[in-house]
Amino acid sequence: MGDRTFNIKNRSTVHLVFVFLQWREQYDLGPGSVVRKISKTRCHVNQKSRCGRLCLSLWGRTVGRFTIAAKHHITIAEVYESELVDIEKAIAHYEQAADYYKGEESNSSANKCLLKVASYSAQLEQYQKAIEIYEQVGTNTMDNPLLKYSAKEYFFKASLCHFIVDELNAKLAVEKYEEMFPAFSDSRECKLLKKLLEAHEEQNSEAFTEAVKEFDSVSRLDQWLTTMLLRIKKTIQGDAGDLK
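See below:
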């Protein structure tokens with residue numbers, strides 16, 4: 263591998279890469295352990311980030327298999343989301359893992375990574391990015407006999423992201439998803455969306471809350487859905503900002 267691969271402007275970063283890869287070989291460290299060691303190294307955070315990316319790149323090339331490289335990126339993403347609490351870096355690694363899985367035509371595994379990206383993107387208020395992923399995964403699964411029932415969830419989440427941005431966008435999105443996937447029309451998720459749209463149009467926070475409670479009594483809301491619904495509800499004038 264020639265110097266061009268590294269674009270060596272910072273020799274200390276390159277030195278760190280080979281030190282950590284030597285540790286991997288000497289102590290049989292997994293990718294998560296190497297990244298944890300990198301995170302504890304006394305150097306600038308950007309240098310740590312470059313070092314981590316180069317280690318993973320070399321790891322993937324050494325192994326020569328996209329699936330293995332994808333798993334390494336997932337491991338690193340999990341370290342960033344649970345231990346280092348850097349969601350943007352976790353997103354980047356999940357995206358890279360998805361790309362590697364696509365390279366092996368492992369679409370189911372790629373979708374799992376993309377759904378992580380969509381979930382975190384919405385939390386970071388990157389709604390358009392989340393919408394595109396939910397629509398893509400929903401479209402890919404709605405014709406699969408084994409996965410089509412999950413499509414309603416993805417279209418539901420895409421609709422909520424639309425709703426946070428603009429009520430009209432959400433209405434048009436729901437209509438589009440119903441046309442694309444007729445089974446969506448009869449789902450509890452779609453019926454909830456229509457009740458929420460009506461309540462929001464009337465600026466009726468009580469009706470909004472009651473619709474959410476009714477849905478929650480059958481299908482328990484997770485933290486992500488609760489967060490998105492609260493963001494929508496806060497756009498109703500005079501709203502107290504809760505779902506109680």
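In terms of this note's numbering, the sequence shown opens at residue 263 and continues consecutively. Cβ atoms here follow ideal geometry from the backbone N, Cα and C, with glycine treated the same way.
A354 places its beta carbon 8 angstroms or farther from that of I336. Excluding five sequence positions before and after C423, the CB atoms of its chain that fall closer than 6 angstroms to its own CB belong to A384, Y389, A392, I393, given in chain order.
The Cβ neighbour count for E451, taken over all protein chains shown within 10 Å, is at least 16; the residue is labelled buried. Taking the CA atoms as reference points, E387 sits about 30 angstroms from N406. Per DSSP, the continuous alpha helix (DSSP H) segment holding S479 begins and ends at 467 to 480. K414 and I494 have their C-alpha atoms roughly 20 angstroms apart.
Counting only the Cα atoms, N466 lies some 48 angstroms from H334. The region 370 to 384 and the region 339 to 356 touch, with three or more beta-carbon pairs separated by less than 8 angstroms. Minimum Cα-Cα distance from F443 among the listed residues L459, T401, A420 corresponds to T401. Around the beta carbon of T471, 16 or more other beta carbons sit within 10 angstroms, so the residue counts as buried.
In the structure shown, I426 adopts helical secondary structure according to DSSP, grouped into three states.
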